[in-house]
Structure formats: C-alpha cells, structure tokens
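Start counting the sequence shown at 1262; every next residue gets the next number (my numbering).
Glycine included, each C-beta is placed from N, C-alpha and C at the ideal position.
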Amino acid sequence: MDEYEKIGTKITKVNEVKIPIVYFSSSGNTKYVAQLIKNGFKSANVEAELIPINSTKIQEFKPEENEVFGVGAPVYAMSFPPNMVAWVEKLSSAKNNTKFFLFNTNAGLPGPAIKNFKRILEKKKYRFIGALEIVSPTRDSVFELSSFKYND
Ligand SMILES: Cc1cc2nc3c(=O)[nH]c(=O)nc-3n(C[C@H](O)[C@H](O)[C@H](O)COP(=O)(O)O)c2cc1C
C-alpha cells in the first residue's frame, strides 16, 4: 500500500463514523432541527444517526464510545426537559475525550437551559464543542386548539 492509499483508507474511516444525535421532541420542532443538522453533516460527507430518546435504540447508546455526539430537546421552563435531565444524569463518564454539542428549540425564552445541561456532561468529563438555540413558532400539541373536540 503506498502513501496515497494509506491516506485514502484513513479518509474512508473518518467518513464511516456515525455521529449519534439523541433528541426529544414533543410537537416536532426539535425533530425537524435534528433532521436539518443530520442533512448538514451529510453535505460534509459525515453520517449522523438520529436517536429519539424514547426509542429502544437509546439503550444501546454509549456516549463514551464515540468521538462526538449531540443532544437536542425543546426548552421547558428554561431548562432541558426532565426526561432528558434524568437520562443524562445516568450516563457513564467519558473515557477518551468524547466531545458533545447541544441544541434546543424554544419560544424565545431559553434561559440557562444550555448552560445547565452542559454542566452535567462536563462533570462527567465530556468536552463541550458548541450549541445552537433555535426559536421556533410554538405549536406544541398541549396548546393545539384544533385538537379539542368543541372546535369542530
Ligand atoms: C411545558 C412547556 C414548557 C415550555 N417552556 C418554555 C420556556 O421556558 N421557554 C421557551 O422559550 N419555550 C418554552 N416552551 C416552548 C417550547 O420550547 C417550544 O415550543 C419547542 O420548540 C417545542 O419543541 P418540540 O416541538 O420539539 O416539542 C415550552 C413548551 C412546553 C410544552
């Protein structure tokens, strides 16, 4: 194998890595953003794998085995939702410099959601590389008037 082929092999390996993105989305805003992020990675030749927090795939997800992973959720009461906080608190600590990024969707009042969630992962020695906060039109199912029967 000459030098060129060796480099080629390395590049292929990098491209084979899948970046896990764990997300929660109640009314679809965060799921939509997660898909945009996945598409963004794809345009840079990097595969991402979306893992909904309430799917069975979440049990197999071990953050410490990845080079980088992402977590996204809606903002609830200026925080990541309780289910995401409970999940992240149970994760094992980092072993090999695993990095993470965060994103949320919110209605314009994210407060310290990123700061506080980031701190939990940093205590576990994961390395923060960035965050994205997207203000989205609130169309949460909780407030969706058309879902009430008396509206018919
Ligand atoms: C219970 C609840 C609490 C919320 N609290 C906040 C909040 O503190 N700040 C904010 O900007 N948006 C808040 N929102 C709005 C959501 O963050 C926003 O609609 C989000 O995009 C929903 O994401 P999803 O469609 O992925 O569930 C709240 C929504 C709900 C249902």
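Secondary structure of residue i, DSSP reduced to three states
{"i": "Tyr1284", "result": "strand"}
{"i": "Gly1301", "result": "helix"}
{"i": "Tyr1387", "result": "coil"}
{"i": "Asn1367", "result": "strand"}
{"i": "Leu1379", "result": "It is worth fixing the name first, because residue 1379 is Lys in this sequence and not Leu. Residue state, collapsed to three classes: helix."}
{"i": "Val1278", "result": "coil"}
{"i": "Ile1395", "result": "strand"}
{"i": "Val1336", "result": "coil"}
{"i": "Ala1309", "result": "strand"}
{"i": "Lys1323", "result": "coil"}
{"i": "Lys1318", "result": "helix"}
Check: residue i C-beta below 7 Å from any heavy atom of ligand 3
{"i": "Ser1287", "result": "Summarising the ligand content, the structure contains ligand 1 and does not contain ligand 3."}
Heavy atom of ligand 1 within 7 Å of residue i beta-carbon
{"i": "Lys1292", "result": "yes"}
{"i": "Met1339", "result": "yes"}
{"i": "Asn1367", "result": "yes"}
{"i": "Leu1370", "result": "yes"}
{"i": "Ser1316", "result": "no"}
{"i": "Ser1397", "result": "yes"}
{"i": "Val1336", "result": "yes"}
Beta-carbon proximity of residue i to residue j, cut-off 8 Å
{"i": "Ile1375", "j": "Ala1355", "result": "no"}
{"i": "Asn1290", "j": "Ile1314", "result": "no"}
{"i": "Pro1342", "j": "Ser1286", "result": "no"}
{"i": "Lys1279", "j": "Glu1325", "result": "no"}
Original post:
Counting Cβ pairs closer than 8 Å, one from the stretch 1342-1351 and one from the stretch 1292-1301, do we hit at least three?
Top reply: no
Original post:
Does the stretch 1305-1319 come within contact of the stretch 1365-1373, defined as at least 3 CB pairs closer than 8 Å?
Top reply: no
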